[in-house]
Structures are given as structure tokens and as C-alpha cells.
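Under my numbering, the letters of the sequence shown match residues 71 to 361, in that order. Don't be surprised by glycine CBs; every beta carbon is placed ideally from N, CA and C. Accompanying notes for the structure given below.
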Amino acid sequence: STMPPLLSAIANAGRHGVLVKSAVVMEQLGHVDQVAFDKTGTLTEGSPAVSEVEAAAGPDLPTRAQVLAWAAAVEHLSEHPLARAIVDAAGSPAPAEDFSSVPGRGVEGVVEGVRTAVVSPSAVTAILPASLGMTVRRLEAAGRTVVIVLRDGAAVGAIGLTDRVRHDAPAAVQSLAELTAAPPVLLTGDNQAAATQLAAVVGIADVRAGLLPEDKVHAIAAAQVAGHRVLAVGDGVNDAPALATAHAGVAMGGGGSDLTLDAADAVVVRDNLAAIPAAVRLSRRARRVVL
Ligand code: ADP
Ligand code: MG
């Protein structure tokens, strides 16, 4: 064709299922030497399901159904994949008022007049009753993502969730590892045990768990200061700053938030992870044609 090589690479990448936003990005993709993956919604399908609901032990404490219903009332107003799972498990939640969310942390609102929060266990470690702390460790050891339900600042229960690994994640991670000099890393807000189990399945040895969105940015910036050209792959609102920081940021288009799609340099459509190594190869081939 008479099209310039980088433009025909963009067209080809589009056929593979990744929309590359500019010729500069198309060029940049071929230069990356390390890949940083988000976990939930990126290497996993991003449609988790509730697997356990546990109430804190003791007198006057709630039933499991109450714990789930309170959590769902708040999560009703969140777009996080964990929120959808909790709402689906609860059926029809009572609406919460005064909703707010902290990316990478959790959500809160007022349910039936009581301030109710659903948060990461790491945000409330200090106030977990011993029995609930043991429940959290048991669920995490089983590879679950865990959230804690708080009423009026007291932990009243824990919810375990599981998500399936994307079927094409191991192959895509391996292809990208072969195309890059430095080993891939997993950057996740989820707990260490769940992250390590997922990482073993997809073939990533370097796991950084319990990260807030700004921690993901720092991890990528540190690699870049050390001389790496990092390709970041993510899906959630919590990944937008990391995608913007990396040399190349790729968003999963399927469940991705608008903010994340804006922050990304390229977007994977049809949830096809294999499109990412394909785009790197197309970039390198185009460069060889130019030189
Ligand atoms: P990841 O990096 O794996 O995509 P996130 O940064 O989105 O994960 O979330 C990290 C952790 O923060 C979750 O595992 C959960 O504990 C907590 N969290 C985030 N959003 C919510 C929410 N809507 N409800 C409850 N917990 C949440
Ligand atoms: Mg995610």
C-alpha cells in the first residue's frame, strides 16, 4: 500500500482489536521493554461473584443477609466490578444516601440512617475484631478478594469475591514477556495472596499488591527512572493515572471507564488481550520499514 508504515500499522492493529490513538503512540509501542499489568478486569474477566458472606461474631451482631444488604445499598451507586457482584448477590438493595467513593479503597454512604462503608481490609486493619481478622486471612489465603462492611465505623462483616482469569491472559503475558527485556510486573489494589495466586496462573513473578492508584504511578515512574520504557495495561478508574504515566498506556475497552479510556494511548476492544503483543510487533515491523 502507499500508506505510511505507521499508519498502516495502526490500521492493522485495529484489525487485531486495539485502537491506537496516534502515529506517535504506534511508534512508542515498539520501544517498550517492560509491561505492568493491573489485575482485576485486566488479567481477570472483571465480572467477579460473591463467594462468601461472613458476619462478625458476638451478641447483637447482624445476619449474613443483613451484612450483604447493607453493603449492596452502598455499592448500588458504585460502578466498580466488585460493586456489581455485591448488588447482584443481594437482589434489590435499599438505596443509600450521601454516597462517596475513594478509588482503590472503597465506598461509603448512609443506609437507614447509619453511616455504612464497604472497604478494603487493608484500610481498616487496626479496627478489625480478632475473629473477623481470622476470617479475612482465611478468605485471602483461598485467593479471594475481600471487602469489609462497616456500620458507624465498626466492622460488622466480610465479603469474599472471586473472579475468573481471562482465558487468553497466560498467552498474552508470555508473548509480551518474550517481546520485552525486563520481566512483567503485576500492580494491584487487591491483597497479596489473591494477587500471587493469579500471577502464578498467568506467569508473572513480580507482584506488588495492596497498591493505591498513586502507588501504581510511583511503581511505573520508578521503573522509568531506572531506564525502562513501560507499557501499562489497565481498566479501572484507579488505573487512569498509571496509564497516563507510562510510556504507553493501554486500556481494556470492555468495562473501562470513560476516564480510563481518555487517559490511555490505546484501547483494546473485544476484550482481546492478544491484540497487545500484536500491536508491539506491528510497531517494530513498521519501524524496520521506515529505517
Ligand atoms: P485492582 O487494582 O485490582 O483493579 P482496585 O484498585 O479497583 O483493584 O481496588 C482495590 C481494592 O480496593 C479492592 O480489592 C477492594 O478491597 C477495594 N475497593 C475498591 N473499590 C471498591 C468498592 N466499590 N467496594 C468495595 N471495595 C472496593
Ligand atoms: Mg482493574
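### Task
Identify which residue in V287, P283, A291, D260 has its Cα closest to the Cα of A277.
The amino acid at residue 277 is misidentified as Ala; the sequence shows Val. Distance from the Cα of V277 is smallest, within the candidate group V287, P283, A291, D260, for D260.
#### Entry: Beta-carbon proximity check, A56 vs A334, cutoff 7 Å
There is simply no residue 56 to check, as the chain begins at 71 and stops at 361 in what is shown.
### Euclidean distance between Cα positions of L198 and A93
The straight-line gap from Cα to Cα measures roughly 51 Å.
### Query
Does any heavy atom of ligand 2 sit closer than 6 Å to the C-beta of G111?
yes
### Task
Measure the Cβ-Cβ separation of A316 and I346 and say whether it is below 7 Å.
no
### Task
Output yes or no for whether 7 Å exceeds the beta carbon distance between L147 and S353.
no
#### Entry: For V369, the three-state DSSP class (helix, strand or coil)
What the structure shows of the chain is the stretch from 71 to 361, and residue 369 is not part of that stretch, so it cannot be assessed.
#### Entry: Nearest residue (CA-CA) to V303, options A293, M204, G111
G111
### Task
Return helix, strand or coil for V339, following the three-state DSSP convention.
coil
### Query
What residues are listed by DSSP as bridge partners for I229?
V123, V217
### Query
What does S171 pair with, by DSSP beta-bridge criteria?
V177
### Message
Taking the alpha helix (DSSP H) that M322 belongs to, which residues open and close that run?
### Response
No alpha helix (DSSP H) holds M322; the beta strand (DSSP E) holding it covers 318-322.
### Query
D276 by DSSP, collapsed to three states: which one?
Note: D276 maps to strand in three-state DSSP.
#### Entry: Beta-carbon proximity list for P283, same chain, < 6 Å, skipping 5 on both sides
P173, G174, N308, P311
### Message
With DSSP as the reference, identify every bridge partner of Q104, one or two as the case may be.
### Response
V300
### Query
Does DSSP classify V184 as helix, strand or coil?
strand
### Identity of the residue in V188, A196, L231 nearest L209 by Cα
L231
### Task
Kindly indicate which residue of V177, A225, A356 has the alpha-carbon position closest to the one of P132.
A225
### Query
Where does V189 sit, in a helix, a strand or coil, going by DSSP?
strand
### Query
Per DSSP, what kind of secondary structure is T258 in: helix, strand or coil?
Here T258 sits in coil by DSSP.
### Query
Would K109 count as contacting chain D if we go by Cβ distances under 7 Å?
Here chain D cannot be found, since the structure has a single protein chain.
### Query
Based on the DSSP output, what are the partners of P224 in its beta bridges?
The amino acid occupying residue 224 in the given sequence is Ala; Pro does not appear at that position. For A224, which the question treats as bridged, DSSP gives the partners R221.
### Counted within 10 angstroms of its Cβ, other Cβ atoms place V157 as buried (16 or more) or exposed
buried
### Query
CB of G319 to nearest heavy atom of ligand 2: below 6 Å?
no
### Message
Please classify D222 as buried or exposed, where buried requires at least 16 neighbouring CB atoms within 10 angstroms.
### Response
exposed
### Query
By Cβ distance below 6 Å, which residues in the same chain neighbour F107 in space, the five residues on each side in sequence not counted?
L113, L256, V303
### Query
Alpha carbon to alpha carbon, what distance is there between A242 and D341?
12 Å
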